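Asker: Below: one structure in structure tokens.
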Amino acid sequence: MSWITLLTTTKRWEAELMQQILAAHEIPSRIVDMGMASYLGAGATAALQVRPEDRWTALLLLSPVEEEQP
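Take the sequence shown: its letter number 20 is residue 57 in the working numbering, and every next letter is one higher.
Shown next, in the form of structure tokens:
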């Protein structure tokens, strides 16, 4: 199964929160730790990945809400 990266962040909790949002909508996702810092406990860069067929749905769910301008 192939995966694509939606975003990378230095805050793992942010990736986990987004993963929970996707799980609530039954979109499979995974978090991949990147770099040595994750193994040294110094904070880690993490990548949130989804399947290619769920890419656009996931991007819409995770995008900021647009506010109407008067």
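From the three backbone atoms N, C-alpha and C, an ideal C-beta is built for every residue, glycine too.
None of the values given here were measured: they were computed from a predicted structure.
Going by DSSP, name the residue or residues bridged to Leu39.
Answerer: Position check: residue 39 holds Ser in this sequence, whereas Leu was assumed. Paired residues: none, contrary to the question.
Asker: The alpha helix (DSSP H) that contains Arg49, what's its start and end?
Answerer: Here the alpha helix (DSSP H) through Arg49 covers 49 to 61.
Asker: Tell me Leu85's beta-bridge partners as DSSP assigns them.
Answerer: According to DSSP, Leu85 bridges with Leu44, Ile68.
Asker: May I ask you to report which of helix, strand or coil DSSP gives Glu105?
Answerer: Coil at Glu105, not helix or strand.
Asker: Taking only the alpha-carbon atoms, compute the straight-line gap between Thr47 and Glu105 and give it to the nearest angstrom.
Answerer: Roughly 31 angstroms separates the two Cα atoms.
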